[in-house]
Amino acid sequence: MSWDVIADNFGRFAQGAQLTLLLTIIALVIAFVLSIALALLRDSPRWWLRHLIGAYTLVFRGTPLLIQLFLIYYGLAQFEMLRQSFVWPWLSSPLICVLIAFVLNTTAYTTEIFAGGLRHLPAGEIEAARAYGMSPWTQARRILLPAMLTRSLSLYGNETIMMLHATSLASTVTLMEITGVARNITLNYYIQFEPYVTAGAIYLLLTLALVGAFRFAEWRWAGYLQPRRG
Amino acid sequence: MLSDYIATVLGAGWISLQLAFLSLVLAVVLGLLGALCKRSGSRTLRVLVEIYTTLVRGVPDLVLMLLVFYSLPALLNQGFEAWGWEYSVEFSPFTAGCVTLGLIFGAYMTETFRGALQGIPHGQIEAAHAYGLGRIRTLRSIVLPQMIRLALPGFTNNWLVLVKATALVSLLGLQDIMFRARGAAEATGKPFTFYLLAGSFYLAITVVSLGALVWVGRRYSMGVKELSR
Chain F
8 MSWDVIADNF GRFAQGAQLT LLLTIIALVI AFVLSIALAL LRDSPRWWLR HLIGAYTLVF
68 RGTPLLIQLF LIYYGLAQFE MLRQSFVWPW LSSPLICVLI AFVLNTTAYT TEIFAGGLRH
128 LPAGEIEAAR AYGMSPWTQA RRILLPAMLT RSLSLYGNET IMMLHATSLA STVTLMEITG
188 VARNITLNYY IQFEPYVTAG AIYLLLTLAL VGAFRFAEWR WAGYLQPRRG
Chain L
446 MLSDYIATVL GAGWISLQLA FLSLVLAVVL GLLGALCKRS GSRTLRVLVE IYTTLVRGVP
506 DLVLMLLVFY SLPALLNQGF EAWGWEYSVE FSPFTAGCVT LGLIFGAYMT ETFRGALQGI
566 PHGQIEAAHA YGLGRIRTLR SIVLPQMIRL ALPGFTNNWL VLVKATALVS LLGLQDIMFR
626 ARGAAEATGK PFTFYLLAGS FYLAITVVSL GALVWVGRRY SMGVKELSR
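These protein sequence lines are chains F and L, in that order. The working numbering puts the first sequence at residues 8 to 237. The working numbering puts the second sequence at residues 446 to 674.
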């Protein structure tokens, strides 16, 4: 066993964990904002808008994230027009491509979670808001969104864990997050066991921390949905 | 020229499907065992299953795959060497992929099946015992048919995620649709076309599976009262 290699490379793992967290947080924050907008429009009375969003979520939930990532990182280079344009410096950076793929992917899942939450709101809450004469904007801000978010909390928690785990795919396009660091160390030191076990342990810790955070959030903000005890 | 590449890529879809089906069988077996253990009276079994599901769901699929493909043989071979055996193991990408996906989705199936078992009214099992049905007969005629209905939504979801997860095994070197798409992309200089082709293959499986499972769902929900709305 050569755990001393892991100890020597502790700094690299810490940097990898930093990049993993950075990717997860940026993707989740952007996706959160987009998903709320899309979820409100998901059941819009305009049929074309409904179907457009439905088609988007079907395509991005129906294909592997790895393919989406490769389509963006390798695939876009096929178009000469894009390569000549001013966006190319951004689109040729792995970091930007990974973030675009992650945001598109997790937004599709989160939109469906939030839209599902909106569909299951008790009709009485919305009727009461209308009876109070709230404008659509006030209704959304005071009634729809808080009620939908608290109800979606556990599913959304699962999605954030999926996102954390999905960042491991960033290693396939040369980014040095936790998995990338582990892969690199196996190649440099010819050891196959310790780096991957360390990577797995770091992910496990991060996952448990997320699970704990969401348990707390559910207890704090969604407690009113639980049946009263005693 | 291009059509040859397209045929090769789509032909490799068969490998992906084989991998998905074999992993699904393993996952269902592990899931049933896990669910029964979780409901059993033995504390040790329950804790063991709890550790299994937490570990598997706390680590990314890709990392688990690398652990099974690279780390597990390395550990075994070190052990063999320490014992002085002239023996070394190595997994093929297909075996490693199948075992990993089976393990991962076995954990998800455990949760799905446990939930389904809980949904079966206890009175029915007691009634079966009162009629003199044995344990196996009760499981086969009373519990399993209803479990299929109750587990179907979760099962569908797990299957759809499983099919997409098979794309990861291409990173171990399995020559599946993803691997072939990559090869064709590099050979022809048309990466977008070929990754789009591979993506459409997965999307087609998703759509077909959704359709099939709606049909199965209707078949197994016959005679179930729905709340009128």
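C-beta: ideal position from N, C-alpha, C; glycine also.
ask   = Are the C-beta of residue 135/F and some C-beta of chain L separated by less than 8 Å?
value = For residue 135/F, the closest Cβ of chain L is not nearer than 8 Å.
key: Contact residues within the stretch 595–607 of chain L, judged by C-beta distance below 8 Å to chain F   = Per Cβ criterion, the list reads 605.
inquiry  = Is residue 637/L close to chain F? Criterion is C-beta to C-beta, closer than 8 Å.
reply    = The beta carbon of residue 637/L sits closer than 8 Å to some beta carbon of chain F.
Three-state secondary structure (DSSP) of residue 191/F = The answer is helix: DSSP assigns residue 191/F an H, G or I state.
message = So with CB distances below 8 Å, who are the chain F contacts of residue 564/L?
response = Chain-order list of chain F residues neighbouring residue 564/L: empty, with the shortest C-beta distance near 18 Å, by a criterion of under 8 Å.
task = Apply the 10 Å Cβ neighbour rule to residue 530/L and answer buried if 16 or more other Cβ atoms are within range, or exposed otherwise.
result = By the neighbour-count criterion, in which a residue is buried when 16 or more other Cβ atoms sit within 10 angstroms of its Cβ, residue 530/L is exposed.
ask   = Between which two residues does the alpha helix (DSSP H) containing residue 567/L stretch?
value = Per DSSP, residue 567/L is one residue of the alpha helix (DSSP H) stretching across 567–575.
ask   = Does any residue of chain L bring its CB to less than 8 Å from the CB of residue 204/F?
value = Cβ-Cβ to chain L under 8 Å: yes for residue 204/F.
query = For residue 156/F, which residues of its own chain have a beta-carbon under 7 Å away from its beta-carbon, when the five flanking residues on both sides are left out?
reply = Cβ neighbours of residue 156/F beyond the five flanking positions: none.
message = For the alpha helix (DSSP H) containing residue 453/L, name the first residue and the last one.
response = Where residue 453/L is concerned, the enclosing alpha helix (DSSP H) stretches over 447–456.
message = Can you list, in chain order, the residues of its chain with a C-beta nearer than 8 Å to that of residue 90/F? Leave out the 5 residues immediately preceding and following it.
response = Shown here for residue 90/F: same chain residues with a beta carbon closer than 8 Å to its own, the five before and five after excluded, namely 84 in chain order.
inquiry  = Helix, strand or coil, according to DSSP, for residue 674/L in the structure here?
reply    = Here the model assigns residue 674/L a pLDDT of 45, short of 50, so the residue's position is not dependable and the matter cannot be decided.
query = So is residue 21/F in contact with chain L if we call contact Cβ pairs under 8 Å?
reply = So, not an interface residue.
Where the alpha helix (DSSP H) through residue 13/F begins and ends = Run containing residue 13/F: 10–15, per the alpha helix (DSSP H) assignment.
ask   = Would you say residue 674/L reaches chain F, if we count a Cβ-Cβ gap shorter than 8 Å as a contact?
value = Residue placement at residue 674/L is poorly supported in this model, since its pLDDT is 45, which falls under 50; the coordinates are not used for a value here.
key: Of the residues 627/L, 551/L and 576/L, the one placed nearest residue 497/L, counting alpha carbons only   = When C-alpha distances from residue 497/L are compared across 627/L, 551/L and 576/L, the shortest belongs to 551/L.
query = Along chain L, in chain order, which residues have C-beta atoms closer than 7 Å to that of residue 200/F?
reply = Simply 516, 519 and 520.
task = Give the straight-line distance between the Cα atoms of residue 622/L and residue 222/F, rounded to the nearest whole angstrom.
result = Whole-angstrom Cα-Cα distance: 40 Å.
request  = Just the C-alpha distance for residue 166/F and residue 124/F, rounded to the nearest angstrom, thanks.
outcome  = Linking residue 166/F to residue 124/F through their CA atoms gives a straight-line distance of about 14 Å.
task = Output yes if chain F places a C-beta closer than 8 Å to the C-beta of residue 651/L; else output no.
result = Yes, because at least one Cβ of chain F sits closer than 8 Å to the Cβ of residue 651/L.
task = Write down every uninterrupted run of the alpha helix (DSSP H) in the stretch 104–171 of chain F whose length is 4 residues or greater and which is fully enclosed by it, in chain order.
result = Segments of the alpha helix (DSSP H) lying fully in the stretch 104–171 of chain F: 130–138.
message = Residues of the stretch 169–182 of chain F in Cβ contact with chain L at a cutoff of 7 Å, in chain order, please.
response = For the stretch 169–182 of chain F, residues whose beta-carbon sits nearer than 7 Å to a beta-carbon of chain L comprise 172, 175, 176 and 179.
ask   = Excluding sequence positions up to five away, which residues of its chain have a Cβ less than 8 Å from the Cβ of residue 133/F?
value = The answer, listed in chain order, is 146, 150 and 151.
request  = Mark residue 523/L as exposed unless 16 or more other C-beta atoms lie within 10 angstroms of its C-beta, in which case mark it buried.
outcome  = The residue in question, residue 523/L, is exposed, as its Cβ has fewer than 16 Cβ neighbours within 10 Å.
ask   = Taking the alpha-carbon positions, what's the residue 674/L to residue 126/F distance?
value = Residue confidence is low: residue 674/L scores 45 on pLDDT, short of 50, so the model does not pin down where it sits. No coordinate-derived value is stated.
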